[in-house]
Structures are given as structure tokens and as C-alpha cells.
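Take 0 as the starting number for the sequence shown in numbering that gives the first Met the number 0 and just add one per residue. Note that beta-carbon positions come from the ideal geometry of N, C-alpha and C, so glycine has one too. Here the structure comes first, spelled out in C-alpha cells, and everything after it is commentary.
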Amino acid sequence: MKKTDQNYPYKIKNELFPPSLFGVCFGVLILMSGLHTNVIVIMNKIGLKEWVQPIFPILYWFLVAVGLTLFIRRKMKKTYEEPLHRIAEATKRVAGGDFSVYVPTIHTSDKLDYLDLMILDFDKMIEELGSVETLKTDFVSNVSHEMKTPVAVIKNYAEFLEKRNITDDQRREYSASIRQAADRLSDLITNILRLNKLENQTICPEVETYDLYGQLEECILNYENMWDEKDLELDVELEDRAYVQADRSLMELVWNNLLSNAAKFTDKGGTVKIRQSAGAGVLKVAVSDSGCGMSEESRKHIFDKFYQGDTSHAKEGNGLGLTLAKRVIELMDGDITVISEEGKGSTFIVTLPQSERKASGESAGEV
Numbered sequence: 000m001k002k003t004d005q006n007y008p009y010k011i012k013n014e015l016f017p018p019s020l021f022g023v024c025f026g027v028l029i030l031m032s033g034l035h036t037n038v039i040v041i042m043n044k045i046g047l048k049e050w051v052q053p054i055f056p057i058l059y060w061f062l063v064a065v066g067l068t069l070f071i072r073r074k075m076k077k078t079y080e081e082p083l084h085r086i087a088e089a090t091k092r093v094a095g096g097d098f099s100v101y102v103p104t105i106h107t108s109d110k111l112d113y114l115d116l117m118i119l120d121f122d123k124m125i126e127e128l129g130s131v132e133t134l135k136t137d138f139v140s141n142v143s144h145e146m147k148t149p150v151a152v153i154k155n156y157a158e159f160l161e162k163r164n165i166t167d168d169q170r171r172e173y174s175a176s177i178r179q180a181a182d183r184l185s186d187l188i189t190n191i192l193r194l195n196k197l198e199n200q201t202i203c204p205e206v207e208t209y210d211l212y213g214q215l216e217e218c219i220l221n222y223e224n225m226w227d228e229k230d231l232e233l234d235v236e237l238e239d240r241a242y243v244q245a246d247r248s249l250m251e252l253v254w255n256n257l258l259s260n261a262a263k264f265t266d267k268g269g270t271v272k273i274r275q276s277a278g279a280g281v282l283k284v285a286v287s288d289s290g291c292g293m294s295e296e297s298r299k300h301i302f303d304k305f306y307q308g309d310t311s312h313a314k315e316g317n318g319l320g321l322t323l324a325k326r327v328i329e330l331m332d333g334d335i336t337v338i339s340e341e342g343k344g345s346t347f348i349v350t351l352p353q354s355e356r357k358a359s360g361e362s363a364g365e366v
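Shown next as C-alpha cells:
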């Protein structure tokens, strides 16, 4: 009997030793019994001595028993022992920190049984463990690097402040640099803690229905000084009412990150566009900039921890903002995508579940 496992697209054998195998064994025994009768008849016809006649059946059944035992032993070894030994050896290597282990299946993909599935799941588990180990190593390396920079700045300027022959202006300049480095270090630690809580789901989102228009308007106004400082043209198109189901405080992190990135990567005199629309039970918010854009490689890794495609702005962030934003949106059952081209700016599109409180007929066109 075969059935399809929901995780695999092919048929899975329900038994390691199918009834046909036992049928073969039974048929062999019946055949051997018939042959035994023929042996007795032949011995009687040729007139063998009485003391010799019992030896032939004993020898005959001895050979049958040995052959059947060896056959069953071979099947058990091939079906159970060899795969389990390979798994045991692989487990030992994994315990020693080797995540390059691969255990081959016993059968081909069209003849898999449940032991094969266990091997496939084992290989998948090792692959995931290897990915986690790589991420952990990269994370520690990146955190160390990100912390090292502001600490070095604080140390250097603190040494400058110890000098007696510095002016008041220099002292203020050094103090400001120390404060900026300390703020950056504080932001890094805060974001790491937030990301850790989000990934380990120790933060339970408080999903509520609220007006997204009001939140976006407030976040946009918070960056008014940045818009003015870089003389950016702000092009905003929002619905008068846009009710969304999400955690208000967590979503504020998302909007602040997207807006600050748009301002940061847009040259002076550029344009930042914010578009919001509704349809098909979801709300979409698109934040676009006329900045430097991203290469295809950058787009692939833009949501990775500590990834900063444009190193010229590395001192203004720590590469965790978009990772946090993506994790928050995933917790809200939403999605975030990016459209970008080098030299032509970037557009981040956030999709969130729409609240039923949204009145019909109010939706604008799709983003």
C-alpha cells in the first residue's frame, strides 16, 4: 500500500516489509516441502540403506534453513542496519560540529518508504542547522564589527578631551562626536534586543483596528526637519480613512524606518513619494525615493541582518532597520517587497490586512 505524504509530492510505501515478501517466503517453503516429498520417493526407488535415508532430509532442510536465514538476514541488513549505521555515523559527525553531512536515501524517489522519509528529514534538519550556525557566526562577527566602530570613536575622542591644549570649540566638537557614537551604540543594542524578542516571539503583537492615515501623517511630520534640511519634495497621496489590523507601536517602527531610509538615500532636492491604497481586503503603502537605487545583488540581501548595500551611508545606521521592519510585518500577516534600479531610486511596498471597518467605495487605485 502506498500513500502520498503532504510534505512530499510522490508516493510513499506504507511498509518496509510488504506482504509480497512474506508471500515469497511462504511460497518457497511450500515448494521446498514438495521437493522434500520427491526426495523421499527417489530414495525409496533407488533402495538406499535405512540408516542413510534420514541423512538426506536433514541435510536438505539444513540447506533450506541456511538459505532462508541468509536471505532474511540480507534483507534486514539492507533495510534496517546499514541505513541506521549511516544515520548514527552522521549524527556523531553533526554532534562534533560538522554540518556538511549528507545521508543518501535507500531507494529512488519513486520507491520511498518511511525510513527514506526519516533520512530526508534528517538531511533537511542538518541543512537548517548549518544555515543557523552560519547565521550565528555572521551575526556575532557583524555585531562585533558594528560595536567596535562607535567604541573606537568614543575612545579616540575621549583621549583628545584629556589634552590640556584644546579649545572650547574643539571640546564641544569632541563631546558631540562622543554623544553621536554613544547614540549609535545605544540604537544598535536596542535594535538587537528588539530583533531577538521578535524572532523568539517573546513580543506578543497587540493587534487592533486603527486608522493608518493618522499614523502615517504623524510619522511624516516627525521627519519635517529632515525634509527641509535636504530640500526634499514630499509627494503624499493617502485616503482620508484607512483602517488596518495591526500593532500600532510596532508598525510605527516600520514607517519610521522606511521614511528615514527614503530621506537618507535621496540627494538634496530629490523627491519622496508616499502612496496608500486599498483593495481585495488589504491596504498597501508604497514609500518611494529618487535616490541612488540598488543593484540586483543588494535587492536580494536588503532584508538581511547588518546588510548595507550603500556603504557611503553606513555611519548613519546599523543594517538592522529593514530586518526589523520585515519581521514586524510578517507578524502582522503582511508582506513587504522592494522595487529598485540603480540610479532610479527605490520603492518599498507594504501590504497589510484591511479592517472590516473600512467603508465600501472608499478605496483608491492599487499601488
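Inspect the beta-carbon positions of residue i and residue j and report whether they are closer than 7 Å.
i              : j                : result
leucine 412    : tryptophan 226   : Since the displayed the chain opens at 0 and closes at 366, residue 412 lies outside it and no answer follows.
valine 421     : arginine 85      : Since the first and last residues shown for the chain are 0 and 366, residue 421 lies out of range.
serine 339     : aspartate 288    : no
isoleucine 125 : phenylalanine 98 : yes
histidine 106  : aspartate 120    : no
valine 152     : alanine 181      : no
lysine 263     : lysine 229       : no
methionine 31  : valine 63        : yes
leucine 215    : threonine 265    : no
asparagine 255 : cysteine 218     : yes
tyrosine 173   : leucine 160      : yes
Spatial neighbours of residue i within its chain, please: CB distance less than 7 Å, with the 5 preceding and 5 following residues excluded, ordered by chain position.
i             : result
serine 354    : Thr208, Tyr242, Val243 and Gln244
leucine 351   : Val243, Ala245, Val281, Leu282, Met331 and Gly333
aspartate 239 : Tyr212
arginine 92   : Val100
Ordered along the chain, which non-local residues of its own chain (more than five positions away) have a Cβ less than 6 Å from that of residue i?
i                 : result
glutamate 365     : Only weak support exists for where glutamate 365 lies, its pLDDT of 43 falling under 50; the value from the coordinates is given anyway. Answer for glutamate 365: Ser276 and Gly278, listed in chain order.
valine 284        : Gln275 and Val349
phenylalanine 347 : Leu257, Val286 and Val337
arginine 183      : Pro149
methionine 250    : none
isoleucine 273    : Val235 and Val286
isoleucine 335    : Lys325, Ile328 and Val349
alanine 89        : Val100 and Val102
phenylalanine 21  : none
leucine 220       : none
Pull the bridge partners of residue i from the DSSP assignment, please.
i              : result
isoleucine 273 : Val235 and Val286
lysine 345     : Rather than lysine, the amino acid found at residue 345 in this sequence is serine. Serine 345 is bridged to Asp288 and Ser339.
proline 352    : Val281
aspartate 210  : Tyr242
aspartate 334  : Thr350
If I'm right that residue i touches residue j with Cβ under 8 Å, what's the distance once you round it to whole angstroms?
i          : j            : result
valine 253 : alanine 261  : With 8 Å as the limit, valine 253 and alanine 261 do not qualify as a contact, their Cβ atoms being about 13 Å apart.
serine 176 : tyrosine 156 : 5 Å
leucine 83 : cysteine 24  : Contact doesn't hold; Cβ gap of about 23 Å is too wide.
serine 259 : tyrosine 222 : 7 Å
Can you find the residues in the same chain that come closer than 8 Å, C-beta to C-beta, to residue i, ignoring five residues on each side of it along the sequence?
i             : result
valine 206    : Gln244, Ala245, Asp246 and Met331
lysine 75     : The residue asked about is misnamed: residue 75 is methionine in this sequence, not lysine. Nothing listed; no residue qualifies.
leucine 34    : Tyr59
threonine 104 : Leu111, Asp115, Ile118 and Leu119
isoleucine 71 : Cys24
Notebook entry, point to check: Looking at C-beta atoms only, is the number of pairs between the stretch 286-304 and the stretch 319-333 that lie closer than 8 Å three or more?
Noted result: yes
Check: Is it true that the stretch 291-298 meets the stretch 165-181, where meeting means three or more beta-carbon pairs spaced less than 8 Å apart?
Finding: Contact between the stretch 291-298 and the stretch 165-181 is not established, with fewer than three Cβ pairs separated by less than 8 Å.
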